[in-house]
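Asker: Could you have a look at this structure, given as structure tokens, before my questions?
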Amino acid sequence: MKNKKMTALLAGIFMVGVSLLLILMSAGQWPSQARAKVTPGTATVSPPIPAMVSAKADNGVVKTDWKAPDQEAAKLRANEEVPFVETFIDECLLCRQQKLRDQGLSTKDIPNTYFLLDSPIIKKQEDHYKPVRFMHAKHAAEANDCAVCHHYRPTDPEALETTRCSACHQESFKKDHPERLGLKAAYHLQCMKCHQDMNKGPVDCIGCHAKNVPDHKELVKLPANPAPEQVTNECLRCHQEAGEDMLTTAHWLWKGPSPNTMEHRKEVRHGKGTDVFNNY
Amino acid sequence: MELSRRNFFKILGVTGASVVAVKGKARAWESKAPPDPFGCLVDLTRCIGCRKCEQACNDVNALPKPDRSFDDLTILDTKRRPDEKTFTIVNRYYPGKIDERDQLIPTFVKIQCMHCQDPACVSACIAGALTKKENGTVHYNVSKCIGCRYCMVACPFEIPAYEYFNPITPKVMKCTFCFDRISKEGGQPGCATICPVEAITFGKRNTLLKLAKKRIKENPADYIDQIYGENEVGGTSWMYISGVPFEKIGFNKLPSEPMPKLSETVQHSLFSYLWSPIALYGILGGIMWAFRNNGDNTEIENNGGAR
Numbered sequence: 002m003k004n005k006k007m008t009a010l011l012a013g014i015f016m017v018g019v020s021l022l023l024i025l026m027s028a029g030q031w032p033s034q035a036r037a038k039v040t041p042g043t044a045t046v047s048p049p050i051p052a053m054v055s056a057k058a059d060n061g062v063v064k065t066d067w068k069a070p071d072q073e074a075a076k077l078r079a080n081e082e083v084p085f086v087e088t089f090i091d092e093c094l095l096c097r098q099q100k101l102r103d104q105g106l107s108t109k110d111i112p113n114t115y116f117l118l119d120s121p122i123i124k125k126q127e128d129h130y131k132p133v134r135f136m137h138a139k140h141a142a143e144a145n146d147c148a149v150c151h152h153y154r155p156t157d158p159e160a161l162e163t164t165r166c167s168a169c170h171q172e173s174f175k176k177d178h179p180e181r182l183g184l185k186a187a188y189h190l191q192c193m194k195c196h197q198d199m200n201k202g203p204v205d206c207i208g209c210h211a212k213n214v215p216d217h218k219e220l221v222k223l224p225a226n227p228a229p230e231q232v233t234n235e236c237l238r239c240h241q242e243a244g245e246d247m248l249t250t251a252h253w254l255w256k257g258p259s260p261n262t263m264e265h266r267k268e269v270r271h272g273k274g275t276d277v278f279n280n281y
Numbered sequence: 002m003e004l005s006r007r008n009f010f011k012i013l014g015v016t017g018a019s020v021v022a023v024k025g026k027a028r029a030w031e032s033k034a035p036p037d038p039f040g041c042l043v044d045l046t047r048c049i050g051c052r053k054c055e056q057a058c059n060d061v062n063a064l065p066k067p068d069r070s071f072d073d074l075t076i077l078d079t080k081r082r083p084d085e086k087t088f089t090i091v092n093r094y095y096p097g098k099i100d101e102r103d104q105l106i107p108t109f110v111k112i113q114c115m116h117c118q119d120p121a122c123v124s125a126c127i128a129g130a131l132t133k134k135e136n137g138t139v140h141y142n143v144s145k146c147i148g149c150r151y152c153m154v155a156c157p158f159e160i161p162a163y164e165y166f167n168p169i170t171p172k173v174m175k176c177t178f179c180f181d182r183i184s185k186e187g188g189q190p191g192c193a194t195i196c197p198v199e200a201i202t203f204g205k206r207n208t209l210l211k212l213a214k215k216r217i218k219e220n221p222a223d224y225i226d227q228i229y230g231e232n233e234v235g236g237t238s239w240m241y242i243s244g245v246p247f248e249k250i251g252f253n254k255l256p257s258e259p260m261p262k263l264s265e266t267v268q269h270s271l272f273s274y275l276w277s278p279i280a281l282y283g284i285l286g287g288i289m290w291a292f293r294n295n296g297d298n299t300e301i302e303n304n305g306g307a308r
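Chains A and B, in that order, give the protein sequences. Heads up: the first sequence is residues 2 to 281, going by my numbering. Heads up: the second sequence is residues 2 to 308, going by my numbering.
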């Protein structure tokens, strides 16, 4: 009995050692592999990303013009426009599940692990946010049921059983299909409803949307080792209003115990404006 | 001709009868509502209270920037009304429903001009500055406005606001239904365009009514069986469907008769062919005529003589 345990332990240590070695080796080989991966074909398909291409060798970090292939694919996919599906088959959830099972489709058959939720259809109307990164495979694994999101299918028997959202949901308020949700609303209602029901995942705006803010690298001007006051002043140089707003919030004005911060395991007795040192 | 007392009453009777006859011939009140206007259907079960409609409205109409950012949702803690600087606002209500985690479920209500089919403000406007357009808009023309603010008194939804801070060129301010935008082919109001969940559906009013009825019929558990604005004050271009009774979320109970119907009927029947002032002055004149000799004239004559 004891012997068995010992051998198992030894085998475990050996495995860990081997995997560590493998990781180290692959890390050492990585730059050369990466360079080999960049084929001229993929480079011409999409415009290069400036931040990635500018191969600045400062701070000792070697930057390559390598691009994540799945991200490039997601970008291309997000820019596609597909013909509008006029009619669809309205099936119940169970019928959908059965149909997918009959076809042998499961969440393991996902060709695209992740999407950028963006479309020229939405961009035509407005352009406030950067595309939302949607982990398709992760969500599928979590739900373990394609039919939860792929709720209906096009009438056309040739069409995919799990057609993409933007085939049926395109512009809002189509004259011939007033009841059909636009793409933006379809995304929001689908995502938020599920996140709410599951009590999991963001339901506010910034949980999914990185705001389309300008790159602050060029805007912020600070000396090499700035003092805390200098940083605050630099922020306030442009965000004067945000600074004034801050002075009216609880962060600044709070006085007394804070029963609502229980989960943070920290009792805050005073706001920044009272006795905290860095209340510049 | 000497007019006897009897003759006078004869004449009065004939005049009165003819006036009544004319009045009977006068047309009954008719709605001037456009037949196929645009509208918006606000689905309160969808609204998430993100205030993006407020922001879009502010941008589209070039309104002054508010003191607090549109991202600040704590502003929903207080009930607000549209005013001269904001055409639309979102209020939050807790009508009492709770979710499975015992949290109160909020209902968010967007308020703006309802663009009534037969608007009381248009009827009340004495200068013709407010008009109901073919496309459904209740349109305000500042160059005709005399600033009487009758529209503000007339509106059953208390929407028009006045630029009191501006003493020289004040305007009545209210939602424009993005008149310029929706006049273009394929144009949409700013708020409907930006809404992330299509809580606002823009389209022809008749289509929207069908759509609303379909939604209620297909999801009877999610909606109460009423479309606010279908019949209220004779119908409005903006309509609401909700999961909770409208009285609980700040909607006034309003009659289904258009507001101008009563006032215009009274107005038009009293003043058609100026019969009522003619009759009034006729009666007064007749009374004076009938009593012309009854007064005690001697005293006046005596006084006159003394002067």
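The beta carbon of each residue, even a glycine, is placed where N, CA and C say it ideally should be. Just so you know, these numbers come straight off a predicted model, no measurement behind them.
#1: If you measure beta-carbon to beta-carbon, which residues of the region 207–218 of chain A are closer than 9 Å to chain D?
#2: Could you pull out every residue in the same chain whose Cβ sits closer than 7 Å to the Cβ of N80(A), ignoring the five residues on either side in sequence?
#3: Identify, in the order they occur along the chain, each residue of the same chain with its Cβ nearer than 8 Å to the Cβ of K33(B), setting aside the five sequence neighbours on each side.
#4: T194(B) CB to nearest chain A CB: under 8 Å?
#5: So G183(A) contacts chain B; which residues on that side make the cut at Cβ distance below 9 Å?
#6: Sorted by chain position, which residues of the same chain lie with C-beta nearer than 8 Å to S257(B)'s C-beta, five sequence neighbours on each side aside?
#7: Which first and last residues belong to the beta strand (DSSP E) in which W239(B) is found?
#8: Can you tell me whether V149(A) is helix, strand or coil according to DSSP?
#9: What did DSSP end up calling A225(A) once you bin it into helix, strand or coil?
#10: Residues in its own chain within less than 6 Å of C48(B) by CB, not counting five upstream and five downstream?
#11: Closer than 8 Å between beta carbons: that is the criterion. Which residues of the region 46–66 of chain B meet it against chain A?
#12: So for N92(B), helix, strand or coil by DSSP?
#13: E180(A) versus chain B: which residues are under 7 Å apart at the beta carbon?
#14: For W276(B), is the classification buried or exposed, using 16 other Cβ atoms within 10 angstroms of its Cβ as the cut-off for buried?
#15: Confirm, please, whether the CB-CB distance from E164(B) to K172(B) is below 8 Å.
#16: Whole angstroms are fine: how far does the CA of I112(B) sit from the CA of I225(B)?
#17: Name the residues in the region 110–141 of chain A whose C-beta lies less than 9 Å from a C-beta of chain B; which are they?
#18: Quick check on K53(B): buried or exposed, where buried means 16 or more other Cβ atoms within 10 Å of its Cβ?
#19: Can you name the start and end residues of the alpha helix (DSSP H) that T65(A) belongs to?
#20: Starting from I160(B), trace the alpha helix (DSSP H) in both directions and tell me its first and last residue.
#21: Quick one: is N294(B) buried, meaning 16 or more other Cβ sit within 10 Å of its Cβ, or exposed?
#22: Helix, strand or coil for I112(B), going by three-state DSSP, please let me know.
#23: For the region 93–115 of chain B, which residues have a beta carbon sitting closer than 8 Å to at least one beta carbon of chain A?
#24: What did DSSP end up calling R238(A) once you bin it into helix, strand or coil?
#25: Tell me whether the beta-carbon of A168(A) lies closer than 8 Å to the beta-carbon of V83(A).
#26: Taking Cβ positions, are I183(B) and F39(B) nearer each other than 8 Å?
#27: Which residues mark the beginning and the end of the alpha helix (DSSP H) in which F272(B) is found?
#28: Hey, is F71(B)'s beta-carbon within less than 8 Å of any beta-carbon in chain A?
#29: Entirely within the region 180–216 of chain B and at least 3 residues each: give me those beta strand (DSSP E) ranges in chain order.
#30: Name the DSSP bridge partner or partners of K133(B)?
#31: Please say whether A29(B) and T194(B) have beta carbons closer to each other than 8 Å?
#32: Please report how far the alpha carbon of I242(B) lies from the alpha carbon of I90(B), in whole angstroms.
#33: Is there at least one Cβ from chain A nearer than 8 Å to F203(B)'s Cβ?
#34: Does DSSP classify L1(B) as helix, strand or coil?
#35: Determine which residues of the region 265–287 of chain B have a Cβ less than 8 Å from any Cβ of chain A, and write them out in chain order.
#36: What's the gap between the Cα of I123(A) and the Cα of R78(A)?
Answerer: The structure says:
#1: Protein chains A and B are contained in the structure displayed, whereas chain D is not.
#2: Closer than 7 Å at Cβ, skipping near neighbours: P121.
#3: Within the same chain, K33(B) has close Cβ partners D119 and K133.
#4: At a cut-off of 8 Å between beta carbons, T194(B) contacts chain A.
#5: Per Cβ cutoff of 9 Å: E199.
#6: In the same chain as S257(B), and ignoring 5 residues on each side of it, the C-beta atoms closer than 8 Å to its own belong to N232, E233, V234 and G235, in chain order.
#7: Counting along the chain, the beta strand (DSSP E) containing W239(B) begins and ends at W239 to I242.
#8: Three-state result, V149(A): helix.
#9: A225(A) falls in the coil class under three-state DSSP.
#10: Contacts found: F109 and A200.
#11: Listed by position along the chain: R47, I49 and C51.
#12: In the structure shown, N92(B) sits in a strand (DSSP, three-state: E or B).
#13: Going along chain B in sequence order, the residues near E180(A) (Cβ under 7 Å) are L212 and K215.
#14: Looking at its Cβ environment, which holds 16 or more other Cβ atoms inside 10 Å, W276(B) is buried.
#15: Between K172(B) and E164(B), the C-beta spacing is below 8 Å.
#16: Taking the Cα positions, I225(B) is about 19 Å away from I112(B).
#17: From the region 110–141 of chain A, only Q126, E127 and H129 have a Cβ closer than 9 Å to chain B.
#18: K53(B) sits buried, since 16 or more C-beta atoms from the chains shown fall within 10 Å of its C-beta.
#19: Element bounds for T65(A): n/a, residue is neither H nor E.
#20: Where I160(B) is concerned, there is no enclosing alpha helix (DSSP H), given that its DSSP letter is neither H nor E.
#21: By the 10 Å Cβ count, N294(B) comes out exposed.
#22: In this structure, DSSP gives I112(B) an extended state, which the three-state scheme calls strand.
#23: Residues of the region 93–115 of chain B that bring their beta carbon within less than 8 Å of a beta carbon in chain A comprise R102, in sequence order.
#24: R238(A): helix per DSSP, three-state reduction.
#25: Yes, the Cβ-Cβ distance between A168(A) and V83(A) is below 8 Å.
#26: The answer is yes: Cβ separation under 8 Å.
#27: Per DSSP, F272(B) belongs to the alpha helix (DSSP H) from M260 to F272.
#28: No Cβ of chain A is located within less than 8 Å of the beta carbon of F71(B).
#29: If we require 3 residues or more, the beta strand (DSSP E) runs fully inside the region 180–216 of chain B come out as 201–205.
#30: DSSP output for K133(B) lists V139(B) as bridge partner(s).
#31: In this structure, T194(B) sits away from A29(B), with a CB-CB distance that is not shorter than 8 Å.
#32: Annotation: I242(B) to I90(B) spans about 17 Å, alpha carbon to alpha carbon.
#33: Output row for F203(B): interface = yes.
#34: With chain B running from 2 to 308 in the structure shown, residue 1(B) is simply not present.
#35: If the cut-off is 8 Å between Cβ atoms, the region 265–287 of chain B has nothing near chain A.
#36: I123(A) and R78(A): Cα-Cα distance of roughly 14 Å.
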